[in-house]
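Structure first, then comments.
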Amino acid sequence: MLEGDIGLEALTPKEAPAAEAAGAVDGEGAPPGGPGAQAAAMRVNEKYSTLPAEDRSVHIINICAIEDIGYLPSEGTLLNSLSVDPDAECKYGLYFRDGKRKVDYILVYHHKRASGGRTLARRAQHGDQPLPGKAGPLGAGEPEPPLDYHEDDKRFRREEYEGNLVEAGLELERDEDTKIHGVGFVKIHAPWNVLCREAEFLKLKMPTKKLYHISETRGLLKKINSVLQKITDPIQPKVAEHRPQTTKRLSYPFSREKQHLFDLSDKDSFFDSKTRSTIVYEILKRTTCTKAKYSMGQGEGRKKDSALLNKRRKCDRHGITSLLANGVYSAAYPLHDGDYEGDNVEFNDRKLLYEEWASYGVFYKYQPIDLVRKYFGEKIGLYFAWLGVYTQMLIPASVVGIIVFLYGWATVDDNIPSMEMCDQRHNITMCPLCDKTCSYWKMSSACATARASHLFDNPATVFFSVFMALWAATFMEHWKRKQMRLNYRWDLTGFEEEEEAVKDHPRAEYEARVLEKSLRKESKNKEKRRHLPEEPTNKWRQRVKTAMAGVKLTDKVKLTWRDRFPAYFTNLVSIVFMIAVTFAIVLGVIIYRISTAAALAMNSSPSVRSNIRVTVTATAVIINLVVIILLDEVYGCIARWLTKIEVPKTEKSFEERLIFKAFLLKFVNSYTPIFYVAFFKGRFVGRPGDYVYIFRSFRMEECAPGGCLMELCIQLSIIMLGKQLIQNNLFEIGIPKMKKFIRYLRLKHQSPADHDEHAKKKQRYEVDYTLEPFAGLTPEYMEMIIQFGFVTLFVASFPLAPLFALLNNIIEIRLDAKKFVTELRRPVAVRAKDIGIWYNILRGVGKLAVIINAFVISFTSDFIPRLVYLYMYSENGTMHGFVNHTLSSFNVSDFQNGTAPSDPLDLGYEVQICRYKDYREPPWSEHKYDISKDFWAVLAARLAFVIVFQNLVMFMSDFVDWVIPDIPKDISQQIHKEKVLMVELFMREEQGKQQLLDTWMEKDRKKAEPCNNHSPAPAAPPPPPAGPDFPGGSL
């Protein structure tokens, strides 16, 4: 069959407006076969065509451009014929079937057998051909399948939407003959003129021909940099983008009028794949589909609401986000550059990233951030750059934490309080830890806990808390400077958020709610007008009002706080309820600890009874860890649902609200058990003979004689390490692989079991379709922010937290890199100049860390009581006698009925006086068991320490912020140099234009002089020739 038999035609620029006008006639209610239907049929015939029967695997859509935009249409048809090995020519899906035009974006949809008579009637009305890979029109003898209005409506929307994409200048190619049964693909290519137009609209900065030298450091700094460069050369990634640059191209927002400024020698590589996919995605968001065939159902109900349907068709808009949400398309994504492993794989950026970034074997190397940005875009590049800076800054924090831990280890034998607790000669008898079942016990039995507490509760801990507060401030300043360097290197210095706001389209859900509100308002107005007496009106004016009603239906209609009040109220109630659930679970774990301790105390085994605290603490922390991991997943889903019902207007607003809710819920979930141990456990116990009970049954638990700091350390370490190991690593590795395996089994079950088909190499878009969709950076940031809280908030109780965070992050970087390169579809590149709301959250956590560490040192540890005893109560200026000073006495005869130990002779002798940790008057005092003056002295010292520590560290942090400039000096100089060079470039260009204009004017004047000499009378010189070379007097 010849090409002419296929019937591919192209619209000329002059015919395009006519086709558009014909399409505009195709309104609702046009009779079949009428002028509107005929014009629409002509337009569709000119746009769509199919291949011969033997090659129905590809649906070709011809391209036409719009003349009023000022671009010529694409010449010819998309495909003439297929070669013997078409997959090799198109590089297995990376190019169109002609092997020349690159695939910039993919739309995926599910298709079924076409519905019956109504679908055929529509096709006959529009003159459309059967879709490729499908059966043709049903014959008279074939049974008519049942009507599927939903699928037919989706097909109609896709055809209209793809037609609008063609009118926007994109080139499309359809493929339904794939190994994935029931799945079709639409390949999208953006031609050069569309790329130029959109790059100008988006104000994309592109490199010009102008090269300039980057100013280098001189003198001693230059030598130091060269030495550091030689030392770090083995850990640098072997990519061209990571090498130090001495020259840089001047960048300028792309302009079609100034194309001569840019290096357009290779147009195919001028816009890289990341930029091309971004441009196509912007067109997909902006292009709308406004009609739906079966939106209001059938029969009488549709006739009654015909006016409402017309309004809906005029106002309802469906961009790609809405079409994806409604199932018209099942996926939309840009393609990866190719395979990342294999012997015969063509070299590409994805393969390079896999070898130099996403491999565990290069964990010791720097990240190729510039290549990450080139492939994934600025937003993802900034995330990995921030993660790299955070991991580097953890190195000095880890070193200092190890030194503090080793100091505690080295001085544990010299610690007088722990030596006194372990000394059997003191023979201190402690009061029972629970009622009836627990007996008296020796303080020396807690010797191991006391010695272990000194590892984390020593004077070096205070220094480490101050150090970590300054570390957090230095980290934030270092990141701001690094961020400015990246902005300069990535040409984002002139990028402003206002430019993003221009292209920040309202979300589909917001537009739907606005439309619903507009329709309700319109129907109320109609009801009011029905009850009013009709007044004679001008028919022409009435027609104009009717025509403009649909256009102005959603104009100036917004969602106010009244519309969102139910959602806000639901948010408030739900968040309070979720926080209450977290508190209730912590209370349940407390009851478990109390009841388990009482049960173990009745055990006959001495070893079990001696390890009650360790057993109860470890099991309770594991329960807390499991609950935290489960609730994290639940709270993430709840936060997303709560954000959806608020209906934020833009994606940015949606993301910020989601982040705030998710962080609030997960923060409370992760830190509530730790807050309880740090600030509440042992504070509201009461005293022997007058204990505080929960539900009048469970006695509040006490801290160990050495304090609660050791238990806080155990709690923090298990939760932190457990979350990192299970949630951050195993979940990130296991769940995506499990989803991929399930998707593979499902697709294998749906696909025909043809060995030859499966032996063929899959197209690139088929392989990418089986990958996991990109779900955003919120989970990645969230786990790192929670980890940052563990590192800074309670670091006074666990100096090794930075070390474990460092080890986790070394794995996390490569794990995330491998996930992005091998397991996720390629995300759409998004421009960003900072990490957004996460920076404010980091600053808030850093400020909160100063306050919490002040309270941990003051109230949880024994640092302040030791200082008070040393300087106020010690007789010889040493810590001898400190343990006895912190213990109060209790006469066992004052126990309440039913609370005394059932076996008072368990220690082998009768106990008259037992000791408990508190500052109270002795039983022989006039005011027995009242709070003593020592308590108030220690409390005053604790509060004074909190105030001094907090203000001093805050001042030092702010001083660090002030001393370190946000913008490095060399970067500010380079930015100023770029501006000067750009002004000089334009001044030189204007001077050249002016000289050229003066030369032409001089030539015209000389030509006019001989004519003036021979003329009898002087005449005015002729005006300069008008034309395209002299628009407004300039070139």
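Under my numbering, think of the first position of the sequence shown as 280, with each following residue one higher.
Each residue gets a CB set at the ideal place from its N, CA and C atoms; glycine is no exception.
Whole angstroms is fine: what's the gap from residue i's alpha carbon to residue j's?
{"i": "Asn443", "j": "Ile1130", "result": "58 angstroms"}
{"i": "Gln1191", "j": "Pro1183", "result": "10 angstroms"}
{"i": "Ser638", "j": "Ile973", "result": "53 angstroms"}
{"i": "Thr457", "j": "Pro532", "result": "41 angstroms"}
{"i": "Ala727", "j": "Ser718", "result": "20 angstroms"}
{"i": "Leu1218", "j": "Val860", "result": "33 angstroms"}
{"i": "Ile901", "j": "Leu500", "result": "52 angstroms"}
{"i": "Gly667", "j": "Phe1099", "result": "16 angstroms"}
{"i": "Lys1041", "j": "Asp770", "result": "37 angstroms"}
{"i": "Asn706", "j": "Lys721", "result": "7 angstroms"}
{"i": "Leu1009", "j": "Tyr633", "result": "21 angstroms"}
{"i": "Val1265", "j": "His539", "result": "Note that residue 1265 corresponds to Phe in the displayed sequence, not to Val. One C-alpha to the other measures close to 12 angstroms."}
{"i": "Phe977", "j": "Ala877", "result": "10 angstroms"}
{"i": "Cys992", "j": "Ser1076", "result": "5 angstroms"}
{"i": "Ile1243", "j": "Glu1268", "result": "40 angstroms"}
{"i": "Arg748", "j": "Thr1157", "result": "Checking the sequence, you will find Ala at residue 748 rather than Arg. Cα to Cα, Ala748 sits roughly 31 angstroms from Thr1157."}
{"i": "Tyr669", "j": "Asn1087", "result": "12 angstroms"}
{"i": "Leu685", "j": "Ile510", "result": "30 angstroms"}
{"i": "Gln524", "j": "Gly1115", "result": "28 angstroms"}
{"i": "Arg1145", "j": "Asp911", "result": "40 angstroms"}
{"i": "Lys564", "j": "Lys807", "result": "38 angstroms"}
{"i": "Ser797", "j": "Gly598", "result": "20 angstroms"}
{"i": "Pro647", "j": "Ile908", "result": "33 angstroms"}
{"i": "Glu1322", "j": "Lys391", "result": "This structure leaves residue 1322 out entirely; the chain is present only between 280 and 1314."}
Only counting the same chain, and skipping five residues up and downstream in sequence, which positions put a Cβ closer than 6 angstroms to that of residue i?
{"i": "Glu990", "result": "Thr896 and Val956"}
{"i": "Phe550", "result": "Leu474"}
What three-state label does DSSP hand residue i in the structure shown?
{"i": "Phe1169", "result": "strand"}
{"i": "Ser976", "result": "coil"}
{"i": "Ile1089", "result": "helix"}
{"i": "Trp720", "result": "strand"}
{"i": "Thr929", "result": "strand"}
{"i": "Gly968", "result": "coil"}
{"i": "Thr526", "result": "strand"}
{"i": "Phe735", "result": "helix"}
{"i": "Met1151", "result": "helix"}
{"i": "Ile1246", "result": "coil"}
{"i": "Met698", "result": "helix"}
{"i": "Val836", "result": "coil"}
{"i": "Lys807", "result": "helix"}
{"i": "Ile1114", "result": "coil"}
{"i": "Thr875", "result": "helix"}
{"i": "Thr1157", "result": "coil"}
Do residue j and residue i have their beta-carbon atoms positioned less than 8 angstroms apart in this structure?
{"i": "Leu673", "j": "Pro1081", "result": "yes"}
{"i": "Ile695", "j": "Phe1161", "result": "yes"}
{"i": "Glu756", "j": "Asp1240", "result": "yes"}
{"i": "Gly687", "j": "His615", "result": "no"}
{"i": "Leu449", "j": "Ala469", "result": "yes"}
{"i": "Asp628", "j": "Lys653", "result": "yes"}
{"i": "Lys761", "j": "Ala664", "result": "yes"}
{"i": "Glu234", "j": "Leu1094", "result": "Because residue 234 is not part of the residues shown, which for the chain are 280 to 1314, the question remains open."}
{"i": "Asp736", "j": "Leu988", "result": "yes"}
{"i": "Lys630", "j": "Tyr619", "result": "yes"}
{"i": "Met1261", "j": "Leu373", "result": "no"}
{"i": "Lys553", "j": "Ala1108", "result": "yes"}
{"i": "Ser677", "j": "Leu1085", "result": "yes"}
{"i": "Leu944", "j": "Thr922", "result": "no"}
By Cβ distance below 7 angstroms, which residues in the same chain neighbour residue i in space, the five residues on each side in sequence not counted?
{"i": "Arg555", "result": "Asp383, Ala469 and Leu474"}
{"i": "Thr1178", "result": "Asp714 and Lys715"}
For residue i, which residues of its own chain have a beta-carbon under 8 angstroms away from its beta-carbon, when the five flanking residues on both sides are left out?
{"i": "Glu579", "result": "In this prediction, Glu579 scores a pLDDT of 39, lower than 50, which makes its location untrustworthy; no coordinate-derived value is stated."}
Jot down the residue ranges of each uninterrupted beta strand (DSSP E) in the stretch 478 to 521, minimum 3 residues, whole runs only, in chain order.
Correct list: 484 to 492.
Sequence ranges, beta strand (DSSP E) only - wholly within the stretch 425 to 483, length at least 3
Given a length threshold of 3 residues, each whole run of the beta strand (DSSP E) inside the stretch 425 to 483 is given here in chain order: 450 to 454 and 462 to 468.
Quick check for students: name the residue ranges of the beta strand (DSSP E) that lie wholly in the stretch 588 to 664, counting only runs of 3 or more.
Taking only runs of at least 3 residues, the beta strand (DSSP E) segments lying wholly in the stretch 588 to 664 are 610 to 612.
Only counting runs of 3 or more residues, tell me where the beta strand (DSSP E) segments fall wholly within the stretch 1178 to 1215, in order along the chain.
The beta strand (DSSP E) runs lying completely inside the stretch 1178 to 1215 and spanning 3 residues or more are 1192 to 1196, given in chain order.
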